[in-house]
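In our numbering, the protein residues as written are 5 to 179.
Backbone N, C-alpha and C define an ideal beta-carbon position, used for all residues, glycine too.
Since we're looking at a predicted model, the values are computed, not measured.
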């Protein structure tokens, strides 16, 4: 396997970091996952197997369960419920944190020059054949998530303004 280490001058956020990695990827298949290891890394092997068989162009991990405290599970369910209603009804109920795709999907994603956006929604928006692999999200063993309420709300607002007609409809309705 080939790997590259890429440094940014400062922390620009996860979307920028993942996009930079995708821009420098050279393989036929790419995958992205969080470094906290709450998603099992062996999913990547399963994703690549599906992609190699040409059964899909993009493969997402779909949470079948999660080992998080009750409040975290409740807030996550509420967030993704609103997200699905306002932005992307086909989004899995627990959201998406891990994916793999082929070069064709990667090129389509990289052609979108949108700095404040949702990579996951872009993966749905460009089309292509999708497959979902269920997994159980592990408990966080170290550290605390930086994915707090403020970041969630900004992510939702960026997604609403980029991929929804809700702001226009609301403006017309209020006006």
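- Rounded to the nearest angstrom, the gap between the Cα atoms of residue 54 and residue 34 is 12 angstroms.
- In its chain, beyond the 5 residues on either side, 61, 62, 132 have a beta carbon closer than 6 angstroms to the beta carbon of residue 109.
- Judged by DSSP in its simplified three-state form, residue 171 adopts helix.
- Check the Cα spacing between residue 128 and each of 148, 142, 139, 103: the tightest is with 103.
- Around the beta carbon of residue 97, fewer than 16 other beta carbons lie within 10 angstroms, which makes this residue exposed.
- Rounded to whole angstroms, residue 141 and residue 173 show a C-alpha spacing of 36 angstroms.
- Checking the DSSP bridge columns, you'll see residue 35 partnered with 104.
- Excluding its 5 nearest sequence neighbours in each direction, residue 16 has no C-beta neighbour in its own chain below 8 angstroms.
- Under the three-state reduction of DSSP, residue 68 is assigned to strand.
- The C-alpha of residue 118 lies about 26 angstroms from the C-alpha of residue 40.
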